[in-house]
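Below: one structure, written as structure tokens.
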């Protein structure tokens, strides 16, 4: 069975959300669209919207391929998604607050204790501490995949430092430049106010020690980080300083940055540095990317760190399989957005099932990421499956398994005209005294025919994502 | 408010853009001197390397001074931190670091210059293509300057960028003038000869001033006039006086904005006064070379004082 296509329904009929776009598309010829694709590349290169891939001595800057065919969601589809995302994000924050305090969910037997306590993403330093306004994950990216008209699944929650939002914004900006007439024809909800919402959101969670307008800064690991462009972009768009560890020092109980007129305090730090590098006095002592002593300042209520340290425990793969329970436990309602069915190999029945159906499943390491240490059953040889089965039996608790999902496709522009490719979607959520979800997000697309890998590090591209204002 | 690291980035970004441009002019001057054929051209190329301030690195790498070795070294050698390509690379590196402090046009013009010069300078240069390549370098840096002047807010960011530009330019002009010291004439009888004249003209060319010189002075190239033009003439945009008036002005804005004066403010005022009240006769009495060595030292010291005053590191 061919996968669900975002644009074309049964019998190649154009699905309703694409009807306006399709009218316009039919009047275009392929060569003009190809020219526009080249124009877009030119813009990205000139602007330096690149991500870095570093070799031995010379830095290579690569572009993330951009496809000019938008991914379009109707207002109705989006409202349902947004409702589900909001519920999930509230549950994640409640879960974090709970596991760093009374651990009711563990007491209730809904999540096993060792899964929390033995997890490297669980930070004992956060126990008993409540971040300003009770918010743990200020910025979340929820990875969503679709398999049918009404079938959306959450593939992953990114509750640490989700990236990619600059591409969402630049993709829209590029589309506006390339096809202004299209935006007059089709009414699309704007995403451009994201930086303003982000700034407002960060300011709204200022620490108790800050009495005036808070000073916000973005902390980057520096220009060699692969997402540096995004860090600079967000700081620029918010009109705040972009700082590095070497700019920061603790002075008089505040985190301060070195300016041309001396050290000035920071109240809210949007950090794009991982937990373990944040404070060499508390975590990795060899880190130069953070600030020595920031955790003490944090605990004394004189700075807000966004996202809070220790939020990684909520987007861990082992925790993921418990998300339906977690959502229900804290919101009192069934999860609106479904999880991908997941077998925990630590459970004997599940392990048995997984071993018997290995050729049809995707098996992942609990703490792995980026596609390492993982088995994709349908595309693996007998020997690979057998080897993996041995590893699985040796340490079942280290693995989870999921069915291979038939991700939806969306057309991309190829030399031979439009052709379907698999896509996912990462909407961005801001949490402060309220929850804001920008209508849309980042659509990642696998450019190779039949491929399910959308990661930019492995040849994936991006698309502008439209939510119709209907 | 400006981060010290950002001020440092703006300062060095502009020093390196200026350096790239001046390096191209220097090669241009070397090219013209070598074409005189009045002497063995290796002397001219040796003087060019000396005045570029990186002769030690050159000697580590090459045994002979020729059009090919010197232009390769000064234009496209990444081992030479002052080569055009290395300077543009460093300028862009600094610009990426301070992107949030630049107008979009400033960043893009530098990024485009970097892309284009990397392509142009990727392969060894055929001597016949040299004029086109030197022009391209000068054009790219002019575009960067134009974008910067046309779009940047005149705030502290602008001041640090300008200070970087003029400290570098003063350094470069002084070094170019020093070429004459190294470029020994075959014997005393050559002084005032056509060779001598030709060398002075080349020096003026290397600061794009051979035409404006004739607007200000008599048509003959007199050493005292050329030195006066490059050191003391306040209207000549690459002269030491011009550079120092600008540094003083921009440092003055910073003192006003921040309400604080530093050691660097006194240092720059002293140099401005020295240049204002000095005459070219005094300079020659002291010895041109000695004057330049002393100036370069002071210029360097000023850069360090600025870095310290504004917490660059």
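Residue numbers (this note's numbering), protein chains in the order written: chain A, 1032 to 1501; chain B, 1103 to 1415.
Heads up, the beta-carbon is just placed ideally off N, CA and C, and yes, glycines get one too.
Neighbour flag for residue i against chain A, beta carbons, 7 Å
i	result
residue 1357(B)	no
residue 1198(B)	yes
residue 1327(B)	no
residue 1413(B)	yes
residue 1202(B)	yes
residue 1360(B)	yes
residue 1182(B)	no
In DSSP terms, what residue i is bridged to
i	result
residue 1441(A)	1452(A)
residue 1248(A)	1272(A), 1300(A)
residue 1462(A)	1466(A)
residue 1170(A)	1461(A)
residue 1288(A)	1279(A), 1295(A)
residue 1430(A)	1396(A)
residue 1475(A)	1455(A), 1493(A)
residue 1369(A)	1184(A)
residue 1189(A)	1172(A)
residue 1097(A)	1493(A)
residue 1498(A)	1104(A)
residue 1302(B)	Beta-bridge pairing links residue 1302(B) to no other residue.
residue 1036(A)	1440(A)
residue 1045(A)	1039(A)
residue 1177(A)	1183(A)
residue 1335(A)	1299(A)
residue 1375(A)	1431(A)
Own chain residues within Cβ distance below 8 Å of residue i, not counting five before or after
i	result
residue 1307(A)	1314, 1315, 1318
residue 1342(B)	1272, 1275, 1276, 1332, 1333, 1334, 1377, 1397
residue 1228(A)	1461, 1467, 1469
7 Å Cβ shell around residue i - same chain, five flanking residues per side excluded
i	result
residue 1171(B)	1164
residue 1280(B)	1153, 1391, 1394
Beta-carbon proximity list for residue i, same chain, < 6 Å, skipping 5 on both sides
i	result
residue 1136(A)	1129, 1142, 1360
residue 1406(A)	1394, 1419
residue 1263(A)	1273
residue 1160(B)	1151, 1175
residue 1239(B)	1126, 1186
residue 1055(A)	1213, 1216
residue 1111(B)	1196, 1199, 1200
residue 1250(B)	1208
Chain B within 7 Å of residue i, Cβ atoms only
i	result
residue 1243(A)	no
residue 1292(A)	yes
residue 1254(A)	yes
residue 1490(A)	no
residue 1093(A)	no
residue 1079(A)	yes
residue 1323(A)	no
residue 1450(A)	no
residue 1122(A)	no
residue 1258(A)	no
residue 1432(A)	no
residue 1071(A)	no
residue 1248(A)	no
Heavy atom of the ligand ZN within 6 Å of residue i beta-carbon
i	result
residue 1145(B)	The ligand ZN is not part of this structure, which contains no ligands at all.
Quick one, which residues of the segment 1104-1135 of chain B are near chain A if we go by CB-CB under 7 Å, in chain order? 1104, 1105, 1106, 1107, 1109
Under 9 Å (Cβ pairs) to chain A, residues found in the segment 1300-1324 of chain B: none
The segment 1251-1269 of chain B in contact with the segment 1196-1212 of chain B per 3-pair CB rule at 8 Å: yes
Near-chain B residues of the segment 1265-1284 of chain A - C-beta to any C-beta below 8 Å: 1266, 1267, 1272, 1273, 1274, 1275, 1277, 1278
Are three or more beta carbon pairs between the segment 1369-1378 of chain A and the segment 1458-1466 of chain A nearer than 8 Å? With the cut-off at 8 Å, the segment 1369-1378 of chain A and the segment 1458-1466 of chain A do not touch.
Which residues, taken in chain order from the segment 1248-1277 of chain B, show a beta carbon closer than 7 Å to some beta carbon of chain A? 1258
Report the residues of the segment 1211-1224 of chain B with a CB closer than 8 Å to any CB of chain A, ordered along the chain. 1213, 1214, 1217
Which of the residues in the segment 1288-1319 of chain A, read from start to end, lie with their CB under 8 Å from any CB of chain B? 1288, 1289, 1290, 1291, 1292, 1293, 1295
Are the segment 1146-1160 of chain A and the segment 1344-1360 of chain A in contact at 8 Å, needing three or more beta carbon pairs? yes
I'd like to know if the segment 1295-1309 of chain A and the segment 1326-1340 of chain A are in contact, where contact means that at least 3 CB-CB pairs between them fall below 8 Å. Here the segment 1295-1309 of chain A makes contact with the segment 1326-1340 of chain A; the two share three or more CB pairs at distances below 8 Å.
Three or more C-beta pairs closer than 8 Å, one from the segment 1278-1294 of chain A and one from the segment 1105-1113 of chain B: is that the case here? The segment 1278-1294 of chain A is in contact with the segment 1105-1113 of chain B.
Would you list, in chain order, the members of the segment 1205-1235 of chain A that have their beta-carbon closer than 7 Å to a beta-carbon of chain B? none
Contact between the segment 1100-1119 of chain A and the segment 1480-1490 of chain A is defined here as three or more beta-carbon pairs at a separation below 8 Å; is this criterion met? no
With three or more C-beta pairs closer than 8 Å as the rule, is the segment 1232-1242 of chain A touching the segment 1488-1495 of chain A? The segment 1488-1495 of chain A is not in contact with the segment 1232-1242 of chain A.
Three or more C-beta pairs below 8 Å linking the segment 1094-1109 of chain A and the segment 1067-1075 of chain A: yes
Segment contact, 8 Å Cβ cut-off, at least three pairs: the segment 1295-1312 of chain B with the segment 1358-1373 of chain B: The segment 1295-1312 of chain B, when compared against the segment 1358-1373 of chain B, does not touch it at the 8 Å Cβ threshold.
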